[in-house]
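Here is the structure we will look at.
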Amino acid sequence: MTQLAKLRWQCRRGTKELDYLLLSYVDSEYALADAEEKALFIELLALEDDQLILTLLGDLDVATAGMKVLVGKVRTFAVDRV
2 MTQLAKLRWQ CRRGTKELDY LLLSYVDSEY ALADAEEKAL FIELLALEDD QLILTLLGDL
62 DVATAGMKVL VGKVRTFAVD RV
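Heads up: the sequence shown begins at 2 in my numbering, then just goes up one per residue.
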């Protein structure tokens, strides 16, 4: 299994909203991301589902500026696919 296939598998969280947000980013931008952003995305995937959905939907604030940028990108690429 390739690294991208493993990431796609980790993005499948069992809720349509999370699956859509995460897979949209992986499919459109992950390959273009620098090493820091890729590491942040893996860190984001490590969150529990309840924390992840609150983070991506804007109810839970993230600690670092880099993570804020990534969360914004994940949201943006999901909206652009609609």
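All C-beta atoms, glycine included, are put in the ideal place defined by N, C-alpha and C.
If contacts are defined as beta-carbon pairs under 8 Å, then residue i and residue j qualify, I think. What distance do you get, rounded to the angstrom?
i   : j   : result
L41 : M2  : Contact doesn't hold; Cβ gap of about 22 Å is too wide.
L19 : D50 : 7 Å
K39 : Y31 : 7 Å
Using the Cα positions of residue i and residue j, report the straight-line distance between them to the nearest angstrom.
i   : j   : result
A66 : W10 : 27 Å
L45 : C12 : 10 Å
A64 : K74 : 16 Å
I54 : D35 : 24 Å
K17 : L33 : 24 Å
What residue does the alpha helix (DSSP H) around residue i start on, and which one ends it?
i   : result
D51 : 50-57
D20 : 17-29
R9  : 4-12
A64 : Unbroken run through A64: none, as it is neither H nor E.
A36 : 36-46
Please classify residue i as buried or exposed, where buried requires at least 16 other C-beta atoms within 10 Å of its C-beta.
i   : result
T56 : buried
V72 : buried
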